[in-house]
Amino acid sequence: MKVIVTENYQEMSQKAAEIIIGIVKNNPNAILGLATGSSPIGTYQNMIKDHKENGTSYKSVKTVNLDEYVGLTADHDQSYAYFMRTNLFDSIDIDLANTNLPCGSAPDAKAECDRYNALLATMQQDVQVLGLGSNGHIGFNEPGTPLDSVTHLVDLTENTIKDNSRLFASIDEVPRQALSMGIKNIMQAKSIVMVVSGKNKAQAVKGMVQGEITTELPASVLQLHPFVTVICDKDAASLL
Ligand code: F6R
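Sequential numbering from 1 applies to the sequence shown in my numbering.
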């Protein structure tokens with residue numbers, strides 16, 4: 001696991017974007033595994049800037065996202081589908097037909113997970129972008145999730161509901177469930193880039209990098225992946 005400590009969020013975002021842009025330039029048909037949340041927003045902004053200034057093209061790129069809230073349709077402004085369009089897809093030349101997320105409003109969650117797993121079996125991510133939950137989750141794989149898990153229906157923990165409530169009008173509006181790639185789906189990526197910022201992530205970063213590999217801290221399993229780059233700002237790295 002390679003750990004890069006940056007001065008701040010901006011530098012973290014720039015470094016992560018450079019890696020992803022490099023992969024796309026090298027392989028215009030690259031498959032990008034993407035994440036939502038506050039952590040990758042700056043990364044996506046840097047990718048958009050580079051697309052506009054340098055013309056890096058996403059025309060043949062395909063994407064698979066980590067997760068989606070259950071019960072929200074793709075046009076709901078808190079859905080991750082909406083997040084991806086507004087924070088990245090609408091500002092680059094990607095074909096929306098090449099972008100994939102679990103469908104949070106599918107009537108049969110189990111069937112939707114099966115569909116997503118079948119899709120992922122045909123789409124090995126050249127790079128998987130990750131954020132880190134303050135409880136050590138990756139995707140919505142909460143503590144206790146088996147390391148061989150695939151896309152599944154998740155009951156979000158109180159901790160995650162509280163963390164994510166900052167983006168909703170009130171905590172009552174935060175969905176209680178999500179569909180998430182499993183840890184096995186994440187680990188199939190050829191490479192992984194994680195972006196982490198802020199003091200509230202410092203304990204999880206320490207456990208992930210220096211602690212034992214345990215399902216109690218799902219991100220610790222990344223120690224077993226051969227090509228992981230963790231890019232964290234000084235605050236997130238403060239306990240290392
Ligand atoms: C998002 C995701 C989550 C977040 C994590 C950190 O698609 O899968 O694991 O990456 O909860 O969220 P932020 O970046 O908002 O602190």
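Quick reminder that beta carbons are idealized off the backbone N, C-alpha and C, glycines included.
From a predicted model like this one, the values you see are computed outputs, not experimental measurements.
Can you give me the C-alpha to C-alpha distance between residue i and residue j, rounded to a whole angstrom?
i	j	result
lysine 206	cysteine 103	33 Å
alanine 178	serine 134	17 Å
serine 165	valine 174	6 Å
alanine 189	phenylalanine 168	31 Å
asparagine 54	asparagine 46	11 Å
threonine 215	valine 61	33 Å
methionine 181	isoleucine 94	22 Å
proline 143	leucine 156	10 Å
serine 191	aspartate 235	24 Å
alanine 17	glutamate 7	16 Å
cysteine 113	phenylalanine 140	14 Å
lysine 162	isoleucine 171	7 Å
serine 35	threonine 43	Residue identity differs from the one stated: residue 35 is alanine in this sequence, not serine. The straight-line gap from Cα to Cα measures roughly 11 Å.
isoleucine 31	lysine 59	12 Å
methionine 208	asparagine 159	18 Å
threonine 63	tyrosine 116	12 Å
threonine 56	isoleucine 20	11 Å
isoleucine 48	isoleucine 92	6 Å
histidine 137	asparagine 200	13 Å
Are the CB atoms of residue i and residue j nearer to each other than 7 Å?
i	j	result
phenylalanine 89	threonine 99	yes
threonine 229	lysine 25	no
leucine 101	glutamate 68	yes
proline 218	valine 129	no
serine 238	alanine 202	yes
Classify residue i as buried or exposed, calling it buried when 16 or more other Cβ atoms lie within 10 Å of its own Cβ.
i	result
phenylalanine 227	exposed
threonine 122	exposed
proline 107	exposed
glycine 131	buried
aspartate 233	buried
glycine 71	exposed
glycine 22	exposed
leucine 222	buried
Are the C-beta of residue i and some C-beta of chain E separated by less than 7 Å?
i	result
methionine 84	Of the chains in the structure shown, none is chain E; there is only one protein chain.
Report yes or no: do three or more beta-carbon pairs, one from the region 142-153 and one from the region 76-92, lie closer than 8 Å?
-> no
Runs of alpha helix (DSSP H) wholly within the region 87-129 (minimum 4 residues, chain order) = 109-121
List in chain order: all unbroken beta strand (DSSP E) runs of 3+ residues lying wholly within the region 20-44.
-> 31-34
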